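Heads up: the structure comes next, in structure tokens.
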Amino acid sequence: MPALLGISVVLFTVLALAPGDPFEELATNPNVPPEVRQNLRAKFGLDDPLPVRYARWFTSMLRGDWGFSFVSRVDVNTLILQRLPVTLVVLGSAQLLAIMIAVPIGTYSALRPYSLFDQLATTLAFIGFSLPTFFTGLLFILLFSIYLDWLPFIFRADIGAIGWRWYWEHLRQSIMPVAVLGLFQAAAMTRFMRAAVLDVIRLDYVNTARAKGLPEKTTLVKHVVRNALIPVVTLVALQIPNIFGGAIVTEQIFRVPGIGSLLISSILANDTPVVMAVTFVYSVLVVVSNLVADLLYGWLDPRISYR
Amino acid sequence: MDERQLRELLEDVRTGGLSRRTFVTTMIGLGLTAPLAARMLTAAGVADAQPRGDPFAPTRRGGGGQLKVLWWQAPTLLNPHFANGTKDEDASRIFYEPLAGFDPDGNVVPILAAEVPTVQNGGLAKDLTWVRWRLKKGVTWHDGRPFTADDVVFNWEYVADPDTAAWTSGSYREISRIDKLDSHTVKVSFNAPQPFWSDAFCGNRGMIIPRHVFGPYKGAKSREAPANLKPVGTGPYRFVDFKPGDVVRAELDPAYHVPNRPFFDALEMKGGGDAASAARAALQTGEYDYAWNMQVEDDILRRLEQAGKGRVNIWATGNPEHIQCNSTDPWKEVDGERSSIKTTHALLSDPAVRQALNLLVDRAAVQEQIYGRQGQTTANFLNAPSRFSSRATRWEFSLERANQILDAAGWRRAADGVRVKDGKRLTMVYQTSINAPRQKTQQIVKQAAAKAGIDLELKSVVASVFFSSDPANADTYPHFYADLQMYNTTMTAPDPQYFMNQFTSWEIASKANKWQGRNITRWRNEEYDRAYRAADSELDPVKRAALFVKMNDLVIQNVVVIPVLWRNGVSASSVRLKGMDLSGWDSTFWRLAFWHKTS
Numbered sequence: 008m009p010a011l012l013g014i015s016v017v018l019f020t021v022l023a024l025a026p027g028d029p030f031e032e033l034a035t036n037p038n039v040p041p042e043v044r045q046n047l048r049a050k051f052g053l054d055d056p057l058p059v060r061y062a063r064w065f066t067s068m069l070r071g072d073w074g075f076s077f078v079s080r081v082d083v084n085t086l087i088l089q090r091l092p093v094t095l096v097v098l099g100s101a102q103l104l105a106i107m108i109a110v111p112i113g114t115y116s117a118l119r120p121y122s123l124f125d126q127l128a129t130t131l132a133f134i135g136f137s138l139p140t141f142f143t144g145l146l147f148i149l150l151f152s153i154y155l156d157w158l159p160f161i162f163r164a165d166i167g168a169i170g171w172r173w174y175w176e177h178l179r180q181s182i183m184p185v186a187v188l189g190l191f192q193a194a195a196m197t198r199f200m201r202a203a204v205l206d207v208i209r210l211d212y213v214n215t216a217r218a219k220g221l222p223e224k225t226t227l228v229k230h231v232v233r234n235a236l237i238p239v240v241t242l243v244a245l246q247i248p249n250i251f252g253g254a255i256v257t258e259q260i261f262r263v264p265g266i267g268s269l270l271i272s273s274i275l276a277n278d279t280p281v282v283m284a285v286t287f288v289y290s291v292l293v294v295v296s297n298l299v300a301d302l303l304y305g306w307l308d309p310r311i312s313y314r
Numbered sequence: 068m069d070e071r072q073l074r075e076l077l078e079d080v081r082t083g084g085l086s087r088r089t090f091v092t093t094m095i096g097l098g099l100t101a102p103l104a105a106r107m108l109t110a111a112g113v114a115d116a117q118p119r120g121d122p123f124a125p126t127r128r129g130g131g132g133q134l135k136v137l138w139w140q141a142p143t144l145l146n147p148h149f150a151n152g153t154k155d156e157d158a159s160r161i162f163y164e165p166l167a168g169f170d171p172d173g174n175v176v177p178i179l180a181a182e183v184p185t186v187q188n189g190g191l192a193k194d195l196t197w198v199r200w201r202l203k204k205g206v207t208w209h210d211g212r213p214f215t216a217d218d219v220v221f222n223w224e225y226v227a228d229p230d231t232a233a234w235t236s237g238s239y240r241e242i243s244r245i246d247k248l249d250s251h252t253v254k255v256s257f258n259a260p261q262p263f264w265s266d267a268f269c270g271n272r273g274m275i276i277p278r279h280v281f282g283p284y285k286g287a288k289s290r291e292a293p294a295n296l297k298p299v300g301t302g303p304y305r306f307v308d309f310k311p312g313d314v315v316r317a318e319l320d321p322a323y324h325v326p327n328r329p330f331f332d333a334l335e336m337k338g339g340g341d342a343a344s345a346a347r348a349a350l351q352t353g354e355y356d357y358a359w360n361m362q363v364e365d366d367i368l369r370r371l372e373q374a375g376k377g378r379v380n381i382w383a384t385g386n387p388e389h390i391q392c393n394s395t396d397p398w399k400e401v402d403g404e405r406s407s408i409k410t411t412h413a414l415l416s417d418p419a420v421r422q423a424l425n426l427l428v429d430r431a432a433v434q435e436q437i438y439g440r441q442g443q444t445t446a447n448f449l450n451a452p453s454r455f456s457s458r459a460t461r462w463e464f465s466l467e468r469a470n471q472i473l474d475a476a477g478w479r480r481a482a483d484g485v486r487v488k489d490g491k492r493l494t495m496v497y498q499t500s501i502n503a504p505r506q507k508t509q510q511i512v513k514q515a516a517a518k519a520g521i522d523l524e525l526k527s528v529v530a531s532v533f534f535s536s537d538p539a540n541a542d543t544y545p546h547f548y549a550d551l552q553m554y555n556t557t558m559t560a561p562d563p564q565y566f567m568n569q570f571t572s573w574e575i576a577s578k579a580n581k582w583q584g585r586n587i588t589r590w591r592n593e594e595y596d597r598a599y600r601a602a603d604s605e606l607d608p609v610k611r612a613a614l615f616v617k618m619n620d621l622v623i624q625n626v627v628v629i630p631v632l633w634r635n636g637v638s639a640s641s642v643r644l645k646g647m648d649l650s651g652w653d654s655t656f657w658r659l660a661f662w663h664k665t666s
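Just so you know, the sequences run in chain order A and B. If you read the first sequence in the numbering used here, its first letter stands for residue 8, the second for the next number, and so on. If you read the second sequence in the numbering used here, its first letter stands for residue 68, the second for the next number, and so on.
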């Protein structure tokens, strides 16, 4: 909680100090009389001193009132609830894709270190996490939408189709954003997984398991991977803020109507209540994912418990 | 061209010796806007042109499938009176309509009105103090209620209420009262003669919202109206769904008041992203039928067009990209402000320096190498392409003449090549916003100026700062704490009266008015002020036009500003999309009911 409070103070101050205001358009439009703008500023409380504005924002936040967007005049929670599902689905699938790629490849590489497969996986992983998402996103668009014309590059949350077509269309348009984010995550995760498995596989209990004649599959799944996952889970949890960062850019490139693109447009429009709320949602998501990681430890390693 | 010649031309049009179109283009050549020229014709008793003939004559509504349009800025709300920029105005225009729109030539084209008011049909007072609008009968709102004069009266009450804080209120300021003459006729009275009587209730700021829906939400409660996001209008498409900042969806209105229109069964307006990828979606992959405002380099657009799926649409606007010369001293602080009107500029106060600068802007190079089809070279501030160049103004790029003028004025080259006179070095700061074409233009001007012994120091400011109105930030364009600055002034109203007030002495931006004044150059000229005041109350459109020509010429001859380029409107669309009739004076969607696709 104190962390969230600190974040909010810093954010609010930075936003207040940044140039421009939500009624920018009014100022440059010669047909709008200046009184209208002044009237609106006074009405939305933008002329009050910074501490007063912060106190007002904070108290209403405590009451669960997130305020309303200066630009669209909609309540902020409505705006965010409209967009959160899309972000969660895209991020969730990307994360799932990353795990599905990284765990098997990382494990297999570690089992046969310095084999041709390992070399190849390592090279690809290095390429993967060296390329930022905004770059791979554009490359994907160029390749799959423009040269091959297989996939649409504009994400539409409202697809006017029902039944199987609806799922099919959603799948088709989600492939690129999910792949861009997922592959970026997978690249780093593969390396973590490989290192973790290499550490575990040399340990005595693995030799013991093999010596007592357990099938190789059981040894691998129950003894090696399960223990190797503990550090990986920590790293994945620590990486969550990175994914959010990547998601903001990816949402912008593919026009995914998630909270990331909402954040960008609100920052550009100086829409303080929305920016505050979106960053707040991000911080909550980061805290929650850390909590999930902690719970996963307990499941992976019953010796760790929280009392 | 003087008043007598103008009258002869008008007579030619009336007798059929000259086409309307030629007349309008000639007037544009004189630095007049198309709408003004059109009003001169109307006042002279020449009937308004019919909207251009469209060979497409459908026999039933719909059948066109879905129309997908892409705006790279996303609409945020759908109340036209709170429209925050073009994106919201356009999105609102899908559902709402004004009494009349403005076509590309600036003619008033009736939409919800039954006819264009003229003096001849008794719709317009001779002294321009009132206008009587007859409304189209049989128009219904999307919820089935009839559209009547009460709705028009209500719109004025809604906008005029200061607590509503409607952004359109500027267009309704001059209205003193509105009388409902019968269920479908209103008489709008003005405080004073109103040469631009088609400001209120027309075009982007004239969209009519229904009284029965917005009635309870007038004034301070305006924010709470659910219809701000769920519009109920009279337009060709009715509301389906809206996600602020993302997408607007609409479907054909089966009761639309134009027979057999619209063509498309549904419409989707997607927002967000960037201009370049929007261009791809419309030109190269064909994912979208129309993409708005292509601020992309022309080279790229040409390459994308080669895919053969889309084409680039170009139309005229009233926006000049221009360089302003500071009349005051930006480097001396007087009473807590720089560029104070108590000072004069040390270098630019010399007419020779301004004339030399005017000769050093290579407009042809800027147009060819940077803007391409997105603009035309011009000598005029008020809307003139060079190919119709006015007799009074012309532009030239000549290093030789610039050097001659400076030599003659006594500016001598020092050892480093920069000119000096009376101990003053000819070195100036030239600022603009950060935007690739503008930085390239700065380079072109700087190189030419260097050859004439003028040293320009380039400065670029982030657009969000440069165009902000923050009185505390010294880098905004109204502060003008530099010697020269360049940007594009938008001419939002199809009448030059408001546009041209940016050179009047009472509009000077200063600390006293928190830099809200519109005269950024701080130029003062009594002759200009007189001409402006005369135009404001001039009832004869021909005399008024001559006054605007004079104002433009004063600004150009005194080199208060150096016009660089006359910007065009640019968009991308499918080669099959037709009937858009895009206008620089109205929303992209002003003819949405007539958009259609060929097979």
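Glycine residues also receive a C-beta, built at the ideal position from the N, C-alpha and C atoms. No experiment lies behind these values; they were computed from the predicted model shown.
Residue nearest to residue i in terms of C-alpha spacing, selected from the options
i, options, result
"Ala259(B)", "Gly273(B), Asp249(B), Val253(B), Ser243(B)", "Ser243(B)"
"Gly173(B)", "Ser256(B), Pro561(B), His663(B)", "Pro561(B)"
"Arg199(B)", "Asp210(B), Val280(B), Ala181(B)", "Ala181(B)"
"Ala216(A)", "Val81(A), Asp72(A), His230(A)", "His230(A)"
"Ala432(B)", "Ala481(B), Ala267(B), Lys507(B)", "Lys507(B)"
"Ala195(A)", "Leu88(A), Ile247(A), Ser296(A)", "Ile247(A)"
"Arg369(B)", "Gly646(B), Cys269(B), Asp474(B), Ser638(B)", "Ser638(B)"
"Tyr284(B)", "Val487(B), Thr231(B), Asp417(B)", "Thr231(B)"
"Leu414(B)", "Ala348(B), Val487(B), Ala383(B)", "Val487(B)"
"Ile311(A)", "Arg262(A), Arg63(A), Asn234(A), Phe51(A)", "Asn234(A)"
"Gly646(B)", "Phe661(B), Ser640(B), Asp653(B)", "Phe661(B)"
"Glu258(A)", "Leu292(A), Met200(A), Arg90(A), Asn214(A)", "Arg90(A)"
"Arg201(A)", "Tyr115(A), Ile166(A), Val21(A)", "Tyr115(A)"
Within 8 Å, strictly: CB atoms of residue i and residue j
i, j, result
"Pro264(A)", "Lys310(B)", "yes"
"Ile208(A)", "Leu307(A)", "no"
"Tyr674(B)", "Pro397(B)", "Nothing can be reported for residue 674(B), as the shown portion of chain B is limited to 68 through 666."
"Asn586(B)", "Phe566(B)", "no"
"Leu424(B)", "Val626(B)", "yes"
"Val17(A)", "Ala101(A)", "no"
"Asp550(B)", "Val616(B)", "no"
"Ile161(B)", "Gly302(B)", "yes"
"Arg378(B)", "Asn635(B)", "no"
Inter-residue CB distance, residue i and residue j (contact presumed, cutoff 8 Å)
i, j, result
"Ile511(B)", "Asp429(B)", "6 Å"
"Leu202(B)", "Asn380(B)", "About 32 Å separates the two Cβ atoms, so there is no contact after all."
"Leu466(B)", "Val420(B)", "Rounded, the Cβ-Cβ distance is 15 Å, inconsistent with contact."
"Ala343(B)", "Thr207(B)", "Contact doesn't hold; Cβ gap of about 42 Å is too wide."
"Ile182(A)", "Leu158(A)", "6 Å"
"Phe261(A)", "Phe162(A)", "5 Å"
Between the segment 333-341 of chain B and the segment 128-146 of chain B, do three or more beta carbon pairs fall short of 8 Å? yes
So within the segment 192-261 of chain B, which uninterrupted beta strand (DSSP E) runs reach at least 3 residues, ignoring any that extend past its ends? 197-201, 242-249, 252-257
Touching or not, the segment 640-658 of chain B and the segment 163-183 of chain B, by the rule of three or more beta carbon pairs under 8 Å? yes
Any chance the segment 578-587 of chain B sits against the segment 388-407 of chain B, with 3 or more Cβ pairs inside 8 Å? yes
Any contact between the segment 150-169 of chain B and the segment 266-282 of chain B? By contact I mean 3 or more CB pairs, one from each, below 8 Å. Under the 8 Å Cβ criterion, the segment 150-169 of chain B counts as touching the segment 266-282 of chain B, having at least three qualifying pairs.
Taking only runs of the beta strand (DSSP E) that begin and end inside the segment 560-629 of chain B, which ones reach a length of at least 3 residues, in chain order? none
Unbroken stretches of the beta strand (DSSP E), 3 residues or longer, contained in the segment 626-656 of chain B: 628-641
What residue ranges within the segment 315-390 of chain B form continuous beta strand (DSSP E) runs of no fewer than 3 residues, ordered along the chain? 333-338
With contact counted as at least three CB pairs below 8 Å, one residue from each stretch, are the segment 172-183 of chain A and the segment 103-121 of chain A in contact? Contact fails: fewer than three Cβ-Cβ distances are below 8 Å.
State whether the segment 211-218 of chain B contacts the segment 186-195 of chain B, with contact taken as three or more CB pairs (one from each stretch) at a distance under 8 Å. In short, these stretches do not touch, since the Cβ pair count stays below three.
Pairs of beta-carbons, one from the segment 130-148 of chain A and one from the segment 301-315 of chain B, closer than 8 Å: are there three or more? no
Per the contact definition of three or more C-beta pairs closer than 8 Å, is the segment 149-165 of chain B in contact with the segment 82-94 of chain A? no
Alpha helix (DSSP H) runs wholly inside the segment 428-490 of chain B, at least 4 long, in chain order: 466-475
Three or more C-beta pairs under 8 Å: does that hold for the segment 187-194 of chain A against the segment 381-392 of chain B? In short, these stretches do not touch, since the Cβ pair count stays below three.
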